[in-house]
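Single-structure report; data block below.
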Amino acid sequence: MGKDDKTHLNVVVISTTTGHLIYQCGGIDKRTIEKFEKEAAELGKGSFKYAWVLDKLKAERERGITIDIALWKFETPRYQVTVIDAPGHRDFIKNMITGTSQADCAILIIASGTGEFEAGISKDGQTREHALLAFTLGVKNLIVAINKMDTNNWSEDRYKEIIKETSNFIKKVGYNPKAVPFVPISGFHGDNMLAASTNCPWYKGWVREVKGNTLSGKTLLEAIDSIEPPSIGGIGTVPVGRIETGIIKPGMVVTFAPSNVTTEVKSVEMHHEQLTEGVPGDNVGFNVKNVSVKDIRRGNAQVIVLNHPGQIGAGYAPVLDCHTAHIACKFSELLEKIDRRTGLHRLPPLGRFAVRDMRQTVAVGVIKAVEKSAGGSAKVTKSAAKAGKK
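As numbered in my numbering, residues 905 to 1294 make up the sequence shown, in order.
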């Protein structure tokens, strides 16, 4: 199968194990890994070289620096896989809840170390939270990778104990354990990631039952390859976000501000399911046609500075959080400093924003005005015109 013929699969992996997987699949060149290995060793963290890969990329992404997207892609025999999220539950929660990314599959990495596993699946544990979020937010396919098996000498008893406990809690969350592959791995040494390991002769492989079929394999790569192809939605632009006020439903004619483009809503989805209508509080995606992402204009904001790295000037590049949007930005010019009083009256939640840099909130602000297009230049799409004649 040629590279261009392969189906694209979006996978969210909630662990630094991704670093080794991407490296082994050729997504990162050997020189880059050696560079990170040297840097990690200099800081006394040699064993973290694969985690370092993603930490480096994550830091660059947070500061808005362009990174090579090839670092995030690798191939299986069946799919071109894109890792859509950096590890760490903060990013996972932020990106998934606001609908800025949707995964076809989640790989839940469970640490098998004594105490680590128990902490993760405790009532307030992160492992439990990740599984719940993945299911709640519509990720239908789950793979469980039991990591750090080398730290307990590839104990079969420990593996069975973890599978039993994990099966119980993912079943409570909503997943069917029989449809979930459980793969014992070592993220650092690469066991059972691409090739079957010789360190666990007792491991006969994973088995999953899907739609009456029984699939099996041994490695994490084979488990990813066994995932059903993602269903392709309608063609067009799919804006996503949280409904603050009013409703949205198929057939409605909507206008985007400030570009003043009018179009028809073709469909509304939440958690991959079609809705007859979306109401306030729903995180939805809705399909529209003939609307370009370029139809977004700049605006002016009143900013209150809270913390900053020494000084803020033209060229400063933090991350802007405005409602459900998270985007890298750059301060091109500082016009003036004014008093903190605001005058926000209409739909306050949409007008507030925060500026973050390296996980710290640098400033908060209120949008005061946006550049308006000249009168009479409003664009009405063909679908909106048809809907208006109905």
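For glycine and all other residues, C-beta sits at the position ideal for the given N, C-alpha and C.
Cβ neighbours of residue i in the same chain (closer than 6 Å, five flanking residues each side left out)
i     : result
E1181 : I1151, K1153
A1010 : V916, A1038, V1043, L1046
L1119 : R1112, S1130
W1058 : N1103, C1104
A1288 : V1157, T1166, T1167, E1168
D1261 : P1222
M1174 : D1186, V1188
I1231 : L1224
Host beta strand (DSSP E) of residue i (start-end)
i     : result
I1066 : Careful: I1066 lies outside any beta strand (DSSP E), inside the alpha helix (DSSP H) at 1060–1077.
L1125 : Unbroken run through L1125 is the alpha helix (DSSP H), 1124–1129; no beta strand (DSSP E).
G1121 : 1117–1121
L1012 : 1009–1015
W1110 : 1110–1114
Beta-bridge pairing of residue i - partner residues as DSSP gives them
i     : result
P1222 : Paired residues: none, contrary to the question.
A1291 : Note: A1291 sits in no beta bridge, so no partner.
F1086 : V1048
V1259 : L1224, A1267
E1237 : Answer is none; E1237 lacks a bridge partner.
K1283 : V1165
D1095 : S1090
E979  : Q984
Continuous alpha helix (DSSP H) stretch holding residue i: start and end
i     : result
G1024 : 1020–1024
Own chain partners of residue i with C-beta closer than 7 Å, once the 5 adjacent residues on each side are dropped
i     : result
P1081 : S1071, I1074, K1075
I1066 : I1014, S1016, F1021, I1050
K1286 : N1194
G1078 : F1039
Beta-carbon contacts of residue i that lie in its chain and below 8 Å, excluding the five residues immediately before and after
i     : result
Q1178 : S1171, V1172
E1069 : F1021, I1025
K910  : E979, R982, Y983, Q984
message: What ranges does the beta strand (DSSP E) occupy inside the stretch 1145–1192, keeping only unbroken runs of at least 3 residues that lie completely in it?
response: 1157–1160, 1165–1174, 1177–1179, 1187–1192
Quick check: the stretch 1127–1134 against the stretch 1154–1167, are at least 3 beta-carbon pairs closer than 8 Å? no
- Query: Quick check: the stretch 1066–1076 against the stretch 1107–1121, are there 3 or more CB pairs under 8 Å?
  - Reply: no
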